[in-house]
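Novice: The C-terminal residue of the sequence shown carries number 370 in the working numbering, and the numbering is unbroken.
Yeah, the Cβ is synthetic: ideal placement off N, Cα and C, and Gly gets one too.
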Amino acid sequence: MKKLSIIGRGTAGALAVNYFSHYTDYEIDLYFDSSKQPQAVGEGSQLDLLSHLHQTLNMSWEEVKNYLDAHIKKGINYVNWREDFIHHLPMPYASLHFDAVKLQDYLLYINRKNIKLIDKKVTHDMIDSDFIMDCSGSPTAWEHDYNKAEYIPVNAGLVRHYLWDYPKFDYTQAIARPYGWIFGIPLQSRISYGYMYNRKINDINDIKKDFALFEKEQKLKAFSNESSLKFKNYYREKNFTKKVSYNGNASFFLEPLEATSINAMLRINYLALAVQTERVGLEEANSLYKQDFKEYQEVIALHYFGGSKYKTDFWTHATDIATKCMKKFPEIKYILQLPELSKTHGSWNAWNFKENVYGLNLHKSLLELHNE
-1 MKKLSIIGRG
9 TAGALAVNYF
19 SHYTDYEIDL
29 YFDSSKQPQA
39 VGEGSQLDLL
49 SHLHQTLNMS
59 WEEVKNYLDA
69 HIKKGINYVN
79 WREDFIHHLP
89 MPYASLHFDA
99 VKLQDYLLYI
109 NRKNIKLIDK
119 KVTHDMIDSD
129 FIMDCSGSPT
139 AWEHDYNKAE
149 YIPVNAGLVR
159 HYLWDYPKFD
169 YTQAIARPYG
179 WIFGIPLQSR
189 ISYGYMYNRK
199 INDINDIKKD
209 FALFEKEQKL
219 KAFSNESSLK
229 FKNYYREKNF
239 TKKVSYNGNA
249 SFFLEPLEAT
259 SINAMLRINY
269 LALAVQTERV
279 GLEEANSLYK
289 QDFKEYQEVI
299 ALHYFGGSKY
309 KTDFWTHATD
319 IATKCMKKFP
329 EIKYILQLPE
339 LSKTHGSWNA
349 WNFKENVYGL
359 NLHKSLLELH
369 NE
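So, in structure tokens, the structure goes:
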């Protein structure tokens, strides 16, 4: 029997516990630092999370609702972008909004017999195991281990939670504002709004003033709590070695516009197991990982390429770097010609690509960019 040690009990660590408990017979130790509070971020998902919970735990809608404070996600409502547009997930598929901390607690509880919990701050050289999955959070030293996700224009956020009696809608909101954009995540007990912005262009006072206008427009009551985030957008240069794999913020961080985080975490778990069982070589696994993050950036930048109704310094910056990204993405014209559901790109299939491109009225501009 092989032994796996997982470092960190946040969302990435909890998903790793659930994944390897289901798909392997590994002996699993989970190391965590109880002085480090789990983060309640990344509460939207794509189609993969529901599929994972069904395949590994056979969870029902009622269990998802009751244990995760979760609400169905049928799509994304884009407001004030180049075009107002609702990206509907294709029938019969659906996704999920969820409470991140409740997901972490549930996955560790349901797998409690399969793992050994160790409250201890550790480094790799302190661990005696065959494999390590490092989900320890954001790095403290960057050096040459990480690549900058250079086409993403936001690097900070202000998040507020508002209590309500029941969910009022079943899609993620993505609302363009003068200094960035605001996500809306509906759960059973609350709605979370987060203002994503670039702290090099606007300071927190700009954001708080515009947030107050947004609250007035939406007729929101006083928020129950608030958190301020500063972050880099990045991914590792080398994510897999023979013994160690990285996941969660120890591996990457990308802004939440397209809810790519859960998909990326599950994909990393899959590749890590493929490396451990020698079904995929290290060079190939690292190459696939880097290709994934190239594509995640492209699906995020695609939205900024069209801009918004606002003509501000933020949106000038966002559309400029998105245009640079799209210029390096000539294959998009071929993806738009593919049959539905025939290829995935950054967790999108061709159907998703087409709906977003045409829904945001980007088709003509993209073809002109590539001289078609």
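Tell me the DSSP bridge mates of Val120?
Specialist: According to DSSP, Val120 bridges with nothing at all.
Novice: According to DSSP, which residues form a beta bridge with Gln171?
Specialist: Looking at the DSSP assignment, Gln171 forms a beta bridge with Asn75, Gly182.
Novice: Under 8 angstroms between the Cβ atoms of Asn200 and Tyr232?
Specialist: Contact flag unset, no.
Novice: For Leu156, list the residues DSSP reports as bridge partners.
Specialist: Leu156 pairs with Tyr193, Ser226.
Novice: Across the segment 275 to 287 and the segment 234 to 244, are there enough close Cβ pairs to call them in contact, namely three or more that are closer than 8 angstroms?
Specialist: The segment 275 to 287 vs the segment 234 to 244: in contact.
Novice: Identify, in the order they occur along the chain, each residue of the same chain with its Cβ nearer than 6 angstroms to the Cβ of Asn75, setting aside the five sequence neighbours on each side.
Specialist: The answer, listed in chain order, is Ile84, Tyr169, Gln171.
Novice: Residue range of the alpha helix (DSSP H) that Ile266 falls in?
Specialist: Here the alpha helix (DSSP H) through Ile266 covers 259 to 274.
Novice: Where are the alpha helix (DSSP H) runs, 4 residues long or more, that stay fully inside the segment 288 to 351, in chain order?
Specialist: Fully enclosed alpha helix (DSSP H) runs of 4 or longer: 311 to 325, 330 to 333.
Novice: Between the segment 13 to 28 and the segment 62 to 79, are three or more C-beta pairs nearer than 8 angstroms?
Specialist: Flag = no, the segment 13 to 28 and the segment 62 to 79 do not touch.
Novice: Which same chain residues end up closer than 6 angstroms to Val297 when comparing Cβ atoms and leaving out the 5 residues on each side of it in sequence?
Specialist: Counting only Cβ-Cβ distances below 6 angstroms, and skipping sequence neighbours, we find Glu256, Gly344, Trp346.
Novice: Taking 8 angstroms as the cut-off, decide whether the C-beta atoms of Ala92 and Gln37 are in contact.
Specialist: Not closer than 8 angstroms, so no.
Novice: Look at the Cβ atom of Leu300, then the Cβ atom of Leu360, and state whether they are nearer than 8 angstroms.
Specialist: Result yes, Cβ atoms of Leu300 and Leu360 sit closer than 8 angstroms.
Novice: With three or more beta-carbon pairs closer than 8 angstroms as the criterion, would you say the segment 43 to 57 touches the segment 94 to 114?
Specialist: Output reads yes: the segment 94 to 114 touches the segment 43 to 57.
Novice: Considering only the alpha carbon of each residue, which of Leu269, Lys307, Tyr29, Tyr308 lies closest to Asp290?
Specialist: Taking only the C-alpha atoms, the option nearest Asp290 is Leu269.
Novice: Short check: CB of Gly246 to CB of Gly11, under 8 angstroms?
Specialist: Against a cut-off of 8 angstroms, the Cβ pair of Gly11 and Gly246 comes out as a contact.
Novice: CB His159 to CB Ser259, shorter than 8 angstroms?
Specialist: Against a cut-off of 8 angstroms, the Cβ pair of Ser259 and His159 comes out as no contact.
Novice: From Ser226 to Gly192, what distance separates their C-alpha atoms?
Specialist: Taking the straight line from one Cα to the other gives about 9 angstroms.
Novice: Round the Cβ separation of Ala174 and Val77 to the nearest angstrom and send it over; I've been treating them as touching at under 8 angstroms.
Specialist: Between Val77 and Ala174 the Cβ distance is about 7 angstroms, and since that is below 8 angstroms, they are a contact.
Novice: How do the segment 100 to 112 and the segment 121 to 136 stand: do at least 3 beta-carbon pairs fall below 8 angstroms, yes or no?
Specialist: Segments in contact, no.
Novice: State the DSSP-derived secondary structure class of Ile205, mapped to helix, strand or coil.
Specialist: Helix at Ile205.
Novice: Tell me whether Trp140 is buried or exposed, calling it buried when 16 or more other Cβ atoms sit within 10 Å of its Cβ.
Specialist: Burial call: exposed.
Novice: Three-state secondary structure (DSSP) at Ile5?
Specialist: Three-state DSSP puts Ile5 in a strand.
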